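Quick notes on the structure that follows.
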Amino acid sequence: MTLPEGTPEKLPGPAAPAERTWEAQPDQHPVSPTFDELTRQRAKEVIARYPVARSALLPLLHLVQSVEGYVSQDGIRFCAEQLELTTAEVSAVATFYTMYKRTPCGEHLVSVCTNTLCAALGGDAIYRSLTEALGGPDRPLGHEETAGEPGTPGSVTLEHAECLAACDLGPVLQVNYEYYDNQTPESAVALVEALRRGERPPPTRGAPLTDLRTVELELAGFTDDVTVAAAAVAGPSAAVESLRGTALAAERGWAAPALPDEPPALPPLPEK
Amino acid sequence: MTGTEITPDTLTPVLTRRWSEERSWTLETYERTGGYRALRTALAAHPDQLITLVKDSGLRGRGGAGFPTGMKWSFIPQGAEGPGAKPKYLVVNADEGEPGTCKDIPTMMADPHSLIEGCVITSYAIRANFCAIYVRGEALHPIRRVRAAVAEAYAKGYLGKDILGTGFDLDIVVHAGAGAYICGEETALLDSLEGRRGQPRLKPPFPATAGLYASPTVVNNVETIASVPFIVAGGSDWFRTMGSEKSPGPKIYSVSGHVERPGQYEAPMGITLRTLLELAGGMKDGIPLKFWTPGGSSTPMFTAEHLDVPLDFEGAAGAGSMLGTTAVQVFNETVSVPWAVMKWTEFYKHESCGKCTPCREGTYWLVQILERMVHGEGTAEDVETMLDVCDNILGRSFCALGDGATSPITSGIKYFRQEFLDLIAEQPAVARPAQLADVERAADTELSGAPA
Numbered sequence: 001m002t003l004p005e006g007t008p009e010k011l012p013g014p015a016a017p018a019e020r021t022w023e024a025q026p027d028q029h030p031v032s033p034t035f036d037e038l039t040r041q042r043a044k045e046v047i048a049r050y051p052v053a054r055s056a057l058l059p060l061l062h063l064v065q066s067v068e069g070y071v072s073q074d075g076i077r078f079c080a081e082q083l084e085l086t087t088a089e090v091s092a093v094a095t096f097y098t099m100y101k102r103t104p105c106g107e108h109l110v111s112v113c114t115n116t117l118c119a120a121l122g123g124d125a126i127y128r129s130l131t132e133a134l135g136g137p138d139r140p141l142g143h144e145e146t147a148g149e150p151g152t153p154g155s156v157t158l159e160h161a162e163c164l165a166a167c168d169l170g171p172v173l174q175v176n177y178e179y180y181d182n183q184t185p186e187s188a189v190a191l192v193e194a195l196r197r198g199e200r201p202p203p204t205r206g207a208p209l210t211d212l213r214t215v216e217l218e219l220a221g222f223t224d225d226v227t228v229a230a231a232a233v234a235g236p237s238a239a240v241e242s243l244r245g246t247a248l249a250a251e252r253g254w255a256a257p258a259l260p261d262e263p264p265a266l267p268p269l270p271e272k
Numbered sequence: 001m002t003g004t005e006i007t008p009d010t011l012t013p014v015l016t017r018r019w020s021e022e023r024s025w026t027l028e029t030y031e032r033t034g035g036y037r038a039l040r041t042a043l044a045a046h047p048d049q050l051i052t053l054v055k056d057s058g059l060r061g062r063g064g065a066g067f068p069t070g071m072k073w074s075f076i077p078q079g080a081e082g083p084g085a086k087p088k089y090l091v092v093n094a095d096e097g098e099p100g101t102c103k104d105i106p107t108m109m110a111d112p113h114s115l116i117e118g119c120v121i122t123s124y125a126i127r128a129n130f131c132a133i134y135v136r137g138e139a140l141h142p143i144r145r146v147r148a149a150v151a152e153a154y155a156k157g158y159l160g161k162d163i164l165g166t167g168f169d170l171d172i173v174v175h176a177g178a179g180a181y182i183c184g185e186e187t188a189l190l191d192s193l194e195g196r197r198g199q200p201r202l203k204p205p206f207p208a209t210a211g212l213y214a215s216p217t218v219v220n221n222v223e224t225i226a227s228v229p230f231i232v233a234g235g236s237d238w239f240r241t242m243g244s245e246k247s248p249g250p251k252i253y254s255v256s257g258h259v260e261r262p263g264q265y266e267a268p269m270g271i272t273l274r275t276l277l278e279l280a281g282g283m284k285d286g287i288p289l290k291f292w293t294p295g296g297s298s299t300p301m302f303t304a305e306h307l308d309v310p311l312d313f314e315g316a317a318g319a320g321s322m323l324g325t326t327a328v329q330v331f332n333e334t335v336s337v338p339w340a341v342m343k344w345t346e347f348y349k350h351e352s353c354g355k356c357t358p359c360r361e362g363t364y365w366l367v368q369i370l371e372r373m374v375h376g377e378g379t380a381e382d383v384e385t386m387l388d389v390c391d392n393i394l395g396r397s398f399c400a401l402g403d404g405a406t407s408p409i410t411s412g413i414k415y416f417r418q419e420f421l422d423l424i425a426e427q428p429a430v431a432r433p434a435q436l437a438d439v440e441r442a443a444d445t446e447l448s449g450a451p452a
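Here it is as structure tokens:
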């Protein structure tokens, strides 16, 4: 097709742009003194776990969150630098996942399940009580808001969460992802009031309560000291509710057909 | 087979049997109760024999879809050339998040070694030397227990280089997710594991040919993998003594909600809600049953009419729902169906990854309609509008999350249409001064041409 102005080939080419020079950006390394040599070493360890480095991004975001209490712009740059990604690529990932917080969090994160089943059993009432207990009846605390100065002892960030996969123990809530089962508005309010006072009531299942940053470090795959590591496997094997089926089977003398003493012969190799 | 039919007991704890042991999560307890013996049998066999064994057992995926596990394994290309030459991977889907589902977290907490033994056997069968267990980030204590178990297994030579002197190598990484329901979808999980936003991939290619790092990958649920050592130890005939021809084996039923004793009940596939309710002590405080889900919120709800539906893959599908994850959520007569449907839809809207328009926009608008209705401003057209929106999501969204989002709505309207209509009818249709003022203002502006 010929355009009225003539064919593109016949048009004069674009003028060469005037040459400009740009001043070199100051070197941004290290990203932030917050991410010290230990954190850098840990980042390398995380990356070494995977066949492809980028798989380390989710653990690295947990790692930077353990240092700063949230994923800051510095944290994003740190991850980008470790994995040779752009900050845009890292931001795209960090903003996708609920557990990466974009503003500073409290010492503790309280997550209340308000999905249908927990809500029907009292989860909505628990969440409402906590918004008022932490914020005041005239100014209830909002989703992902913090009571107290973020990061200081006794500060508590509140959020409503989707199904926490403990439905037989509902209504449930988590503090720093430790389970507190079979809650009521009263028990939940007593729990956050204790947290505000600097106490750490033990979870129903799981290890003794620490704080959000310690837990984020664990999610990245590290523990700071051996006592924490030992506590990590503490607690009951299972909740009473989880054992109801096996307990009832024992009571009524029910069992699966017995396994043979020796494994039976495997099927022959299929013919090719 | 002897030909004599054995009727198994009502409850058959297999996967849950160890849970009541003292310090059940330790290697010591696991080995004392027969653990890691199946591994020795498996590693002495040819990998293809294990694939045949699992095919013969009829084991079907426990993560919701029920795909035959042995068949999935056999899709992995093998051989020294072509696609078979690429590294193969095993990825365990432990991103348990379907509302109502709560079986994998207690499994990992109480018996992590059964999962690890299953991982080693499965990896050997599909010739994988790297396995990732993707656990949802909120499941902190299970992550600790699985990690501690992995460390124990390495120390004892069940993982690492030259496992038990057989020359087989396997490394396991326990990977913590970061809070996204969509990552339970297998291709979204793979993207997330590659350090990306957890959004589903177009299929085909399926993970069996192009999964993790575009290499052949098996993605299996925790309960599926944890079943494998028992199948090796007991054989396929033993496994088939429980359940039905097409849905064999034991299954963990997670009973929650308005029952006297909610909990985990492991029974042969095909148990009914009537039996489960009897085991769980009946309805809480005697308040009658209104509706329930057979396998999580993405499976269409059932009512008291369905007490005798056999809860296996065929039974649930035959009655118009799906078996899903056997997450039996029980609701009594005090619960409003439009409210429950609204809560579930809010969940799907929050968890929609945003990749495809039907799901992203559809769930957004469905929430608007339901919230308006529940807050007292429903209109006569709402029911039909919702069905129309659902019709435009189901089968047109990128992955099963969108399809699942329609299940509570369409099934809720199917069984409780009158409740929706009654809720709308009892709301004063004109008692909406704010909206009416808007409409009048708009009409004035149009006539006079002046801004309001």
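Chains Y and X supply the protein sequences, listed in that same order. Residue 7 in UniProt numbering sits at position 7 of the first sequence, with consecutive numbering throughout. Residue 394 in UniProt numbering sits at position 394 of the second sequence, with consecutive numbering throughout. Positions of the beta carbon are idealized from the N, C-alpha and C atoms, including for glycine. On a predicted model such as this, the values are computed, not experimentally measured, just so you know.
Asked	Found
7 Å Cβ shell around X/Phe-168 - same chain, five flanking residues per side excluded	Leu-43, Tyr-124
Length of the line joining the Cα atoms of X/His-113 and X/Thr-29	10 Å
Residue closest to X/Ala-188, alpha-carbon to alpha-carbon, out of X/Thr-272, X/Tyr-154, X/Tyr-213, X/Met-269	X/Tyr-213
Buried/exposed call for X/His-375, threshold 16 Cβ in 10 Å	exposed
Close Cβ partners of X/Gly-184 (< 6 Å) along its chain, the five nearest in sequence each way excluded	Asp-95, Gly-97
7 Å CB neighbourhood of Y/Arg-20 in its chain, flanking five on each side removed	none
Extent of the continuous beta strand (DSSP E) to which X/Gly-263 belongs	263-268
Distance between beta carbons of Y/Trp-254 and residue 458 of chain X, contact taken as under 8 Å	Lying outside 1 to 452, the shown extent of chain X, residue 458 of chain X is not represented and no answer is given.
Beta carbon of X/Ala-110 nearer than 8 Å to that of X/Arg-37	no
Buried or exposed by the 16-neighbour rule on C-beta atoms within 10 Å, applied to Y/His-143	exposed
Per DSSP, cross-strand counterpart(s) of X/Met-283	X/Val-259
Chain Y contact residues for X/Cys-102, given Cβ-Cβ distances below 7 Å	Ala-165, Ala-166, Cys-167, Asp-168
Where Y/His-62 meets chain X, residues with beta-carbon distance less than 9 Å	Gly-137, Ala-176, Ala-178
Residues that X/Thr-363 contacts on chain Y, provided the C-beta gap is smaller than 9 Å	The contacting residues do not exist; X/Thr-363 stays about 13 Å from chain Y at best.
Chain-ordered residues of the stretch 148-163 of chain X with a beta carbon less than 8 Å from chain Y	Ala-148
Burial state of Y/Gln-65 (16 or more Cβ within 10 Å)	buried
DSSP-derived helix/strand/coil call for Y/Pro-30	Residue placement at Y/Pro-30 is poorly supported in this model, since its pLDDT is 49, which falls under 50; the coordinates still yield a value, given next. If DSSP states are grouped into helix, strand and coil, Y/Pro-30 belongs with coil.
Among X/Val-228, X/Gly-195, X/Ala-425, X/Asp-191, nearest to X/Pro-207 - alpha-carbon criterion	X/Asp-191
Cβ-based neighbour list, X/Ala-450, same chain, cut-off 6 Å, excluding 5 preceding and 5 following	Annotation note: pLDDT 48 at X/Ala-450 (below 50); position unreliable, coordinate value reported separately. Excluding residues within five positions, none has a Cβ falling inside 6 Å.
Chain A residues whose Cβ lies nearer than 8 Å to that of X/Asp-56	Considering every chain present, this structure includes no chain A. Its protein chains are Y and X.
Residues near Y/Ser-129 by beta carbon distance below 6 Å, same chain, minus five either side	Pro-185, Val-189
CB contact flag (X/Cys-102, X/Ser-254, <8 Å)	yes
Touching by the beta-carbon criterion (3+ pairs, under 8 Å), the stretch 270-283 of chain X and the stretch 291-308 of chain X	yes
Chain X residues whose Cβ lies nearer than 8 Å to that of Y/Ala-247	Ser-20
Neighbour-count burial assignment, Y/Leu-195, 16 or more Cβ in a 10 Å radius	buried
Residues near Y/Thr-157 in its chain [Cβ-Cβ closer than 6 Å; skip 5 each side]	Cys-105, Gly-106, Leu-109, Thr-146
Closer than 9 Å at the beta carbon, the chain Y residues around X/Trp-73	Here the premise fails: no neighbours, minimum Cβ distance about 13 Å.
Below-8 Å beta-carbon distance, X/Leu-323 vs any chain Y residue	no
Which listed residue (X/Val-259, X/Gly-257, X/Pro-268, X/Asp-237) has its alpha carbon closest to that of X/Lys-251	X/Pro-268
Identity of the residues DSSP links to X/Ile-172 by a beta bridge	X/Cys-131
Complete alpha helix (DSSP H) runs within the stretch 108-155 of chain X (minimum length 4 residues, chain order)	112-126, 140-155
Extent of the continuous alpha helix (DSSP H) to which X/Thr-16 belongs	Per DSSP, X/Thr-16 belongs to no alpha helix (DSSP H) and is neither H nor E.
Contact set for X/Met-283: own chain, Cβ-Cβ below 8 Å, skip 5 residues either direction	His-258, Val-259, Glu-260, Leu-277, Leu-289, Val-330, Asn-332
Any C-beta of chain Y under 8 Å from that of X/Trp-238	yes
Contact with chain X by Y/Trp-254, beta-carbon distance below 8 Å	yes
Contact with chain X by Y/Gln-82, beta-carbon distance below 8 Å	no
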